[in-house]
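Q:
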Amino acid sequence: MSNYATRAYANVGVNTTVESASPHKLVLMLYDALLKQMRIAKLHIERSETAQKAAAISKAITLIDQGLRLGLDLERGGSIAAQLLALYDYSTQRLLHANMHNDIAALDEVIQLVEPIRSAWATINPDAQRGQGVGP
């Protein structure tokens, strides 16, 4: 998982010490960066800044596709991993829609879906999740 998360984080230009972060912390960082990019995209839509909006949404999709989605272990993660995969697929579709139609409501929808997962992830004891295979 950590290689995927590190690459996804690097792909969106985040300058931090991801190399030393635990897998649990990397997932939290991915969620935080995803939420940030979606909020940035909303601002660019409001300002009619098409190129910047597209760049922020592209970064958000990269965080999902190359970080969160690839970090899932569907064999060991069971139904939780499958549900997260479906959520990531849906979120990507909504982000593409938001990009094509300048749809702030679609961005808000994805933010509202991701925030509770990010909050729940933040409360997880990393030592308790070892060997569970759920991933992000």
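Quick note, the sequence shown lines up with residues 2 to 137 if you use the working numbering.
Cβ atoms here follow ideal geometry from the backbone N, Cα and C, with glycine treated the same way.
(1) Taking all protein chains shown into account, do 16 or more other C-beta atoms lie within 10 angstroms of the C-beta of Gln-113, making it buried, or fewer, making it exposed?
(2) Could you tell me if Asn-100 is buried or exposed, where buried requires 16 or more neighbouring beta carbons within 10 angstroms of its beta carbon?
(3) Quick one: residues in its chain with C-beta nearer than 7 Å to the C-beta of Tyr-89, no 5 flanking neighbours on either side, listed in chain order?
(4) Excluding the 5 residues preceding and the 5 following Leu-86 in the sequence, name in chain order all residues of the same chain whose CB lies nearer than 6 Å to its CB.
(5) Ignore the nearest five residues each way along the sequence and tell me which others in Arg-95's own chain have a CB closer than 7 Å to its CB.
(6) Which full runs of the beta strand (DSSP E) of 3+ residues lie inside the region 50-132, going along the chain?
(7) Using only the alpha-carbon positions, how far apart do Ile-46 and Gln-38 sit?
(8) In whole angstroms, what separates the C-alpha of Thr-51 from that of Arg-40?
(9) Work out the CA separation of Ala-42 and Ile-58 for me, nearest whole Å.
A: Looking at the atomic coordinates:
(1) That one is exposed.
(2) Buried, by the Cβ-count rule.
(3) Within the same chain, Tyr-89 has close Cβ partners Ile-65, Leu-69 and Arg-70.
(4) For Leu-86, the CB contacts under 6 Å within the same chain, skipping 5 residues up- and downstream, are Leu-73 in chain order.
(5) Same-chain partners within the cutoff: Ala-107, Glu-110 and Val-111.
(6) Annotation note: the region 50-132 contains no uninterrupted beta strand (DSSP E) run of length 3 or greater.
(7) As the crow flies, the alpha-carbon of Ile-46 is around 12 Å from that of Gln-38.
(8) Between the alpha carbons of Thr-51 and Arg-40 lies a distance of about 14 Å.
(9) Rounded to the nearest angstrom, the two C-alpha atoms are 6 Å apart.
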